[in-house]
Each structure stands twice: as structure tokens, then as C-alpha cells.
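Residue numbering for the sequence shown follows our numbering, beginning at 79 and increasing consecutively.
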Amino acid sequence: MDRSYLAYSLGFISDLNKQTSANYLADILGLPAPAPFGPMLIVKLDNGVSLDFYDNDPPIASQHYAFLIGDDEFDAAFARLQARKQSWWADPGKQRPKEINDYGGGRRVYFDDPDGHLLEILTRA
79 MDRSYLAYSL GFISDLNKQT SANYLADILG LPAPAPFGPM LIVKLDNGVS LDFYDNDPPI
139 ASQHYAFLIG DDEFDAAFAR LQARKQSWWA DPGKQRPKEI NDYGGGRRVY FDDPDGHLLE
199 ILTRA
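So this is what it looks like as C-alpha cells:
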């Protein structure tokens, strides 16, 4: 088994529809459209990692996925969230709506994808 693939690929399970979820993430992050690969849709990140979207039945529990991005990418992704009239929070518990978390000198927001997974974009880990 070629283990190098495992280091650069993450399974991202979709309960709703892999096409909807993969397109959503690619759009929010400003990435190229997902590419089919067997039963998966692949979203390639700028750092060489790919997210592999699968359909799943029965539904799974909500997961958390965080994306460390630069300031310009954060501004663009956040603008796309706002253009969609998407809800966002400054905390993973969703207690601080419509705020940007500036803990540690960076910026981060949390939001739900179409499957209800909690996504996070942040500029500093």
C-alpha cells in the first residue's frame, strides 16, 4: 500500500450529497471545482492535501474541520459567507453569532456546511 497517499488525503463524508458539499467547500475557500475520482469527489487544497467527499447513509454525527488560511484568503472566504447570508459564530459552541474571534492575534469564524459539519476558517493556529 502506498502510504504517501494517506498523508495527503482526508476523507470528508457527506450525508446530504457529495456534489453539494464538495461544491460548497470549494466555493467558500475559492478553490477549483471538485474532480471525480471513482466514487469520490476530490477538492484539492493549495497545500497539496485533498479532501475526498463520499456519500454516506445512514447519517453520521457532525464533524469539525478547520482550515488555516492567510489573511487575504480569510477576507475572501468571509465575504463569500456573507454573500450567501450564511450564519457564522466566533466559537464552536455557537454562542457568539456574527462575531469574529480574534483570540491569539488571528481571526477565526465557525459555520455549518450543508451536511451540518462545523467548518472553521482561521488565520493563526
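Just so you know, even glycine gets a beta-carbon here, dropped at the ideal spot from N, CA and C. Because the structure is a prediction, the values reported are computed rather than measured.
Check whether the stretch 157-165 and the stretch 111-124 touch, using three or more Cβ-Cβ pairs below 8 angstroms as the test.
The stretch 157-165 vs the stretch 111-124: no contact.
Please confirm if the stretch 135-144 is in contact with the stretch 191-201, defined as three or more CB-CB distances below 8 angstroms between the two stretches.
Verdict: yes, contact present.
Do three or more CB pairs link the stretch 93-100 to the stretch 118-136 at distances below 8 angstroms?
Judged by Cβ distances under 8 angstroms, the stretch 93-100 makes contact with the stretch 118-136, as three or more pairs qualify.
For the alpha helix (DSSP H) containing SER128, list its first residue and its last residue.
Stepping through the sequence shown from its first residue, residue 128 is reached at position 50. Careful: SER128 lies outside any alpha helix (DSSP H), inside the beta strand (DSSP E) at 128-133.
Tell me whether LEU119 is buried or exposed, calling it buried when 16 or more other Cβ atoms sit within 10 Å of its Cβ.
Against the sequence shown, residue 119 aligns to sequence position 41. LEU119 should be labelled buried.
What are the boundary residues of the beta strand (DSSP E) that TYR33 is part of?
Since the first residue shown for the chain is 79 and the last is 203, residue 33 is missing from the structure and cannot be characterised.
Pick from GLY171, VAL187, LYS172: whose alpha carbon is nearest that of ASP153?
As a first step, residue 153 must be located in the sequence shown, where it is residue number 75. Among GLY171, VAL187, LYS172, the Cα nearest to that of ASP153 is on VAL187.
Near ASN179, what residues of its chain come up, given a Cβ to Cβ distance below 6 angstroms and the 5 sequence neighbours on each side ignored?
Within the sequence shown, residue 179 is the residue found at index 101, counting from 1. Taken in chain order, the residues that qualify are ALA168, ARG186.
In the DSSP assignment, find the beta strand (DSSP E) that holds LEU103 and state where it starts and stops.
Position 25 of the sequence shown, counting from 1, holds the residue named residue 103. Run containing LEU103: none in the beta strand (DSSP E); it sits in the alpha helix (DSSP H), 96-107.
Give the straight-line distance between the Cα atoms of ASN101 and VAL121, rounded to the nearest whole angstrom.
Stepping through the sequence shown from its first residue, residue 101 is reached at position 23. Stepping through the sequence shown from its first residue, residue 121 is reached at position 43. Cα to Cα, ASN101 sits roughly 8 angstroms from VAL121.
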